[in-house]
Amino acid sequence: MAIVNATDQTFAEETSEGLVLVDFWAAWCGPCKMIAPVLEELDSEKNDEVKIVKLDVDENQETAQKYGVMSIPTLIMFKDGEQVDQAHGFQPKEALEELVEKNA
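Okay, structure coming up:
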């Protein structure tokens with residue numbers, strides 16, 4: 001499954017089923033650029049366990065505000081539409097794998 005780019009309009013639908021890891025990011029954010037290849041790796045290895053969604057906070061401020069995103073990258077884990085966990089800042093692949101396993 002490919003990484004999905006969500007918007008304020010599609011966010012609820014994209015996070016409504018299963019385990020979903022959302023990356024709240026922006027194009028100008030250095031750590032966001034660093035975590036992108038890690039998320040792509042995670043997507044290719046764990047795509048049967050978790051869906052990865054990216055939300056650009058500059059273009060989709062309503063959703064970012066709704067979830068209290070104050071710094072980026074912020075990663076929020078959803079399970080069947082409910083927020084279950086989160087992490088802030090750059091995370092190594094191992095930490096993201098642990099986040100997925102913990103909430104599976």
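Mapping of the sequence shown onto the UniProt record's numbering: position 68 corresponds to residue 68, and the numbering continues sequentially without gaps.
Just so you know, even glycine gets a beta-carbon here, dropped at the ideal spot from N, CA and C.
Source: prediction; values computed, not measured.
For residue i, the nearest candidate out of the options (CA to CA)
{"i": "residue 13", "options": "82, 39, 72", "result": "82"}
{"i": "residue 16", "options": "88, 25, 52, 46", "result": "52"}
{"i": "residue 101", "options": "36, 49, 10, 31", "result": "49"}
{"i": "residue 59", "options": "25, 37, 70, 18", "result": "25"}
{"i": "residue 41", "options": "91, 104, 68", "result": "91"}
{"i": "residue 18", "options": "38, 28, 77", "result": "77"}
Start-to-end residues for the beta strand (DSSP E) that takes in residue i
{"i": "residue 52", "result": "51 to 56"}
{"i": "residue 76", "result": "74 to 79"}
As assigned by DSSP and simplified to three states, the class of residue i
{"i": "residue 100", "result": "helix"}
{"i": "residue 43", "result": "helix"}
{"i": "residue 38", "result": "helix"}
First through last residue of the alpha helix (DSSP H) which encompasses residue i
{"i": "residue 26", "result": "Segment: none, residue 26 is in no alpha helix (DSSP H) and carries neither H nor E."}
{"i": "residue 2", "result": "Careful: residue 2 lies outside any alpha helix (DSSP H) and carries neither H nor E."}
{"i": "residue 13", "result": "11 to 14"}
Cβ neighbour criterion (16 or more within 10 Å) applied to residue i
{"i": "residue 80", "result": "exposed"}
{"i": "residue 46", "result": "buried"}
{"i": "residue 7", "result": "exposed"}
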